[in-house]
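The numbers in our numbering rise by one with no breaks, and the one at position 40 of the sequence shown is 68.
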Amino acid sequence: MAKILTEEDKKRIYDILAEAYIDLISKQLIGPYERKVLSYKILQNVGKAETFEEVSGFVSGLLASYPVFQNASVRIASQIGKLHEEQLIGRLQQFIHST
């Protein structure tokens, strides 16, 4: 079961993606028009996302055009891993307490 993103989660994701976006700009890898398009895509996709998995899918798509998002992808995947671990521990604790 996927965890619904909280506003705090989304803020953390925006921060992660902003670092990669700033890296793109500082290395002059995208022009002014592409910046607007990319920032709009990020705001729209993360804003509409309900789970980390949805965001991860979006970021994976960004990697095809912008390899600089690799670190962001890894960091978001790490967040997903932590959530799955927490869910597994919670289920194990429920099982132990029910027996």
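Just so you know, even glycine gets a beta-carbon here, dropped at the ideal spot from N, CA and C. Just so we're clear, the structure is a prediction, and the values are computed from it rather than from any experiment.
(message) Could you tell me the alpha carbon to alpha carbon distance between Phe86 and Ile124, rounded to whole angstroms?
(response) Residue mapping note: residue 86 aligns to position 58 of the sequence shown, counting from 1. Residue mapping note: residue 124 aligns to position 96 of the sequence shown, counting from 1. About 37 Å.
(request) Report all residues from its chain with a CB closer than 7 Å to the CB of Ile108; omit the five preceding and five following residues, and keep chain order. (result) By 1-based counting over the sequence shown, the position of residue 108 is 80. The residues are Phe80, Glu81, Ser84.
(request) Could you check the C-alpha separation between Ser93 and Glu62 for me, to the nearest Å? (result) On the sequence shown, residue 93 is found 65 positions in, with the first residue counted as 1. On the sequence shown, residue 62 is found 34 positions in, with the first residue counted as 1. About 12 Å.
(request) Would you kindly work out how many angstroms separate the C-alpha atoms of Lys110 and Ala48, rounded to a whole number? (result) For the purposes of this step, residue 110 is taken as the residue at position 82 of the sequence shown. For the purposes of this step, residue 48 is taken as the residue at position 20 of the sequence shown. Each residue's Cα considered, the two are about 22 Å apart.
(message) Can you look up Ile32 in the DSSP assignment and give me helix, strand or coil?
(response) Your numbering for residue 32 matches position 4 in the sequence shown. Ile32 falls in the strand class under three-state DSSP.
(message) Am I right that Ile58 and Leu66 are in contact with their C-beta atoms under 8 Å? What's the rounded C-beta distance?
(response) Sequence index remark: in the sequence shown, residue 58 carries index 30 (1-based). Sequence index remark: in the sequence shown, residue 66 carries index 38 (1-based). Confirmed, Cβ separation roughly 7 Å.
(request) In the DSSP assignment, find the alpha helix (DSSP H) that holds Ile70 and state where it starts and stops. (result) Stepping through the sequence shown from its first residue, residue 70 is reached at position 42. From DSSP, the alpha helix (DSSP H) with Ile70 extends over 60 to 76.
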